[in-house]
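Position one of the sequence shown corresponds to residue 470 (the numbering used here), numbered consecutively onward.
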Amino acid sequence: TGSLTGFEIGKNDRSNKFIIPEKLYGRKDELSLLHKVYEEIVVGKCELFLISGSSGIGKTSLINEINKTTFHRNGYFIAGKFDQFKSNIPFNGFALAFTDLFQQLVSESKHKIEHVKKQLNDVLGLNASVLLALMPQFSFFLGNKSVPKELNPAESQNRFFFTLRDFISVFATSEHPLTIFLDDLQWADDASLKLLKEVITKEIPHLLILGAYRNNEVNALHP
């Protein structure tokens with residue numbers, strides 16, 4: 470006809486692949502609560518937020534939504550996962566989370582890396598070496614440390630918990646709130662649950678610990 474009328478490009482296109490959109494449905498209230506908790510740790514609180522449910526209902530998807538928020542708020546989001554077949558390895562989930570933290574830190578600028586090195590060594594002092602068994606890669610920041618003085622088992626555990634709290638406090642700050650996501654808590658070892666309790670009860674500011682577990686695998690006798 471010598472003219473074109475306006476039309477919407479691609480209006481009638483159809484994909485030959487079935488693709489589920491990466492959008493969270495039916496979790497508005499839970500997501501709102503999660504964002505509220507995150508805002509509280511930004512201003513200095515310490516929070517533990519647990520999500521329960523059977524396998525495949527979207528616990529991890531919900532928590533991944535908060536990862537977007539931490540990115541925009543300049544926070545650290547690190548994740549670890551407990552393994553059913555590695556429950557005899559103490560602190561396995563925490564070790565994976567701190568490996569995640571290490572990988573984020575070494576991608577920072579040279580100036581930031583030097584700043585982290587100084588902070589860690591100033592805060593941890595001679596106790597730094599007690600953490601290297603759990604996170605050997607952090608020798609990059611801590612250097613080679615002498616073996617700490619031997620203590621009895623109870624004192625040794627207390628020193629480890631105390632040092633790890635100091636370690637976490639280096640990264641949980643008002644400038645960079647820290648979120649630690651621990652998945653599959655139903656398979657966590659006893660030592661990890663004790664550490665979780667220790668960290669939360671000492672109320673490290675600007676720290677959010679997110680935990681997900683399958684409640685159908687947790688009964689009254691579960692630790």
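Just so it is clear, CB atoms sit at the ideal spot from N, CA and C, and this is done for glycine as well.
Q.
Here's the rule I'm using: 16 or more other beta-carbon atoms within 10 Å means buried, otherwise exposed. How should Asp652 be labelled?
A. Along the sequence shown, read from residue 1 onward, the residue named residue 652 stands at position 183. That one is buried.
Q.
Which complete beta strand (DSSP E) runs does the region 536-585 hold, if anything under 3 residues is left out?
A. 545-550
Q: Taking all protein chains shown into account, decide if His580 is buried (16 or more other Cβ within 10 angstroms of its Cβ) or exposed.
A: Taking the first residue of the sequence shown as position 1, residue 580 is located at position 111. It counts as exposed.
Q) Do you know offhand how far Ser524's Cα is from Asp569's? A) Mapped onto the sequence shown, residue 524 falls at position 55. Mapped onto the sequence shown, residue 569 falls at position 100. If you take the alpha carbons of Ser524 and Asp569, they lie about 24 Å apart.
Q: Kindly indicate which residue of Glu686, Ala689, Leu679 has the alpha-carbon position closest to the one of Ala566.
A: Working through the sequence shown from its first residue, we reach residue 566 at position 97. Selected option, being the one with the closest Cα: Leu679.
Q. Does the beta-carbon of Asp482 have 16 or more other beta-carbons within 10 angstroms, so that it is buried, or is it exposed?
A. Locating residue 482 in the sequence shown gives position 13, counting from the first residue. With fewer than 16 other Cβ atoms within 10 Å, it is exposed.
Q | Beta bridge counterpart(s) of Lys681 as assigned by DSSP | A | Here residue 681 is taken as the residue at index 212 of the sequence shown, counted from 1. Per the sequence presented here, residue 681 reads as Ala, with Lys not at that position. DSSP, once it has assigned bridges, lists Ile520 as partnering Ala681.
Q. Is the beta carbon of Phe551 sitting closer than 7 Å to the one on Trp656?
A. By one-based count along the sequence shown, residue 551 stands at place 82. By one-based count along the sequence shown, residue 656 stands at place 187. Yes, they are a contact pair.
Q. From His541 to Thr648, what does the alpha carbon distance come to, in whole angstroms?
A. To locate residue 541, count along the sequence shown from 1; it is residue 72. To locate residue 648, count along the sequence shown from 1; it is residue 179. Each residue's CA atom was taken as its position, placing His541 and Thr648 some 13 Å apart.
Q. Run through DSSP, which three-state label would Asp659 get?
A. Numbered from its first residue, the sequence shown carries residue 659 at position 190. In the structure shown, Asp659 sits in a helix (DSSP, three-state: H, G or I).
Q) If you run the structure through DSSP and keep just helix, strand and coil, what is Phe629? A) Translated into the one-based positions of the sequence shown, residue 629 becomes position 160. Note: Phe629 maps to helix in three-state DSSP.
Q | Proximity to Lys666 [Cα-Cα], best of Arg634, Phe476, Val512 | A | Here the question's residue 666 lines up with position 197 in the sequence shown. The option with the nearest alpha carbon to Lys666 is Arg634.
Q.
Checking 7 Å against the spacing of the C-beta atoms, do Tyr545 and His645 come in under that value?
A. Position 76 of the sequence shown holds residue 545. Position 176 of the sequence shown holds residue 645. The answer is yes: Cβ separation under 7 Å.
Q | Identity of the residue in Asn561, His691, Tyr682 nearest Leu664 by Cα | A | Start at 1 with the first residue of the sequence shown, and residue 664 comes out as number 195. Nearest option by C-alpha distance: Asn561.
Q: Would you tell me roughly how many angstroms separate the C-alpha atoms of Lys505 and Leu600, rounded to the nearest one?
A: The residue given as residue 505 occupies position 36 in the sequence shown. The residue given as residue 600 occupies position 131 in the sequence shown. The straight-line gap from Cα to Cα measures roughly 33 Å.
Q) Mind checking Asp563: buried by the 16 CB within 10 Å criterion, or exposed? A) The count along the sequence shown starts at 1 and reaches residue 563 at position 94. A quick correction: the sequence has Phe, not Asp, at residue 563. So Phe563 counts as buried.
**Q.** Exposure of Val668, with buried meaning 16 or more beta-carbon neighbours within 10 Å
**A.** As a first step, residue 668 is located in the sequence shown; it is residue number 199 there, counting from the start. Label assigned to Val668: buried.
(Q) Which same chain residues end up closer than 7 Å to Ala660 when comparing Cβ atoms and leaving out the 5 residues on each side of it in sequence? (A) Mapped onto the sequence shown, residue 660 falls at position 191. Result list for Ala660: Pro559, Phe560, in chain order.
Q: Going by DSSP, name the residue or residues bridged to Leu651.
A: Within the sequence shown, the letter at position 182 stands for residue 651. Gly549, Gly680, per the DSSP bridge assignment.
Q.
Less than 7 Å between CB atoms is the rule here; does Tyr682 satisfy it with respect to chain D?
A. The structure shown contains no chain D; it is built from a single protein chain.
Q) How far does the alpha helix (DSSP H) with Tyr507 in it reach, from first residue to last? A) For the purposes of this step, residue 507 is identified with residue 38 of the sequence shown, where counting begins at 1. Residues 497-511.
Q) How far does the alpha helix (DSSP H) with Leu611 in it reach, from first residue to last? A) Here residue 611 corresponds to residue number 142 of the sequence shown, with the count starting at 1. Unbroken alpha helix (DSSP H) run through Leu611: 608-611.
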